Amino acid sequence: MGFVERRRRLDTVGAPEVPSALRGSPHPGRATPRGRFLPRSRLLRDAMAALDSGIDEAQARRVIDGIRQEYASAHGGVPLGFLAHCYLGPPFVDHQLDLDHAVVRHFAPADTVPEPYAAARMLARSEAYAYIEIHSDGLAIPVLKDGSVVRP
41 MGFVERRRRL DTVGAPEVPS ALRGSPHPGR ATPRGRFLPR SRLLRDAMAA
91 LDSGIDEAQA RRVIDGIRQE YASAHGGVPL GFLAHCYLGP PFVDHQLDLD
141 HAVVRHFAPA DTVPEPYAAA RMLARSEAYA YIEIHSDGLA IPVLKDGSVV
191 RP
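If you want it as structure tokens, here you go:
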């Protein structure tokens with residue numbers, strides 16, 4: 041028998057655009073557990089996309105630092121990393137981004153994805169999500185392409 045994931049619901053409550061620490065305007069009062077489910081800003085989503093576009097290592101470090109600041113100030117904590125659909129084409133279907141080491145690994149369908157990322161693999165194969173955040177407490181939060189999140 042396989043694992044059946046329970047239904048998730050879309051959380052549209054919250055600001056339509058979260059002020060971004062990437063622009064230098066952190067809001068320290070927003071870093072709450074509730075902040076995890078606020079919509080992700082356009083700037084944050086663009087920064088995530090830039091990491092998968094083949095930028096140099098120094099620029100990637102700057103982008104990752106900005107992403108960390110955004111999550112720490114507006115979303116209640118920094119995820120361990122992200123899993124997303126891979127658009128490189130066969131044989132790759134998804135890729136992992138680790139914020140600690142700025143590692144991007146691409147996976148073929150037969151490859152084993154390491155824990156705690158494995159739980160989000162089926163979500164990452166869907167092109168409906170921009171990426172799936174993986175948190176240290178095991179929570180996987182899918183982020184839709186418009187920035188809204190799907191609550192577990």
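Per our numbering, the sequence shown starts with residue 41, numbered consecutively. Note that the Cβ used here is the ideal one computed from N, Cα and C, for glycine as well. Everything numeric in this text was worked out from a predicted model, so none of it was measured.
Leaving aside the five residues before and after residue i along the sequence, list all residues of the same chain whose C-beta is less than 6 Å from its C-beta, in chain order.
i, result
"A61", "For A61, the pLDDT reaches just 39, beneath the cut-off of 50, and the residue's location in the model is therefore unreliable, leaving the point undetermined."
"H175", "P119"
"I107", "A87"
"I172", "L123, A160, L163, A164, A180 and P182"
Assuming residue i and residue j form a contact by the criterion Cβ under 8 Å, report the distance between their Cβ atoms to the nearest whole angstrom.
i, j, result
"L128", "H146", "6 Å"
"I181", "R76", "7 Å"
"P154", "V133", "Not a contact, Cβ separation roughly 16 Å."
Please confirm whether residue i and residue j have their CB atoms less than 8 Å apart.
i, j, result
"L120", "A160", "no"
"H125", "R165", "yes"
"L139", "I95", "no"
"L163", "L91", "no"
Only counting the same chain, and skipping five residues up and downstream in sequence, which positions put a Cβ closer than 8 Å to that of residue i?
i, result
"R85", "A170, V183, K185 and G187"
"A158", "T152"
What residue range does the beta strand (DSSP E) around residue i cover?
i, result
"Y169", "Y169 to I174"
"R191", "V189 to R191"
"A124", "G121 to H125"
Counting only the same chain and skipping the five closest in sequence on each side, list residues whose C-beta sits under 7 Å from that of residue i.
i, result
"G178", "P156"
"P131", "A148"
"A168", "L184"
For the alpha helix (DSSP H) holding residue i, just list the boundary residues, first then last.
i, result
"V103", "E97 to A114"
"D134", "That residue, D134, is in no alpha helix (DSSP H); its beta strand (DSSP E) goes D134 to D138."
"A90", "R82 to L91"
"A164", "R161 to A164"
Using a Cβ-Cβ cut-off of 8 Å, state whether residue i counts as contacting chain B.
i, result
"A159", "No chain B appears in the structure shown, which is made up of a single protein chain."
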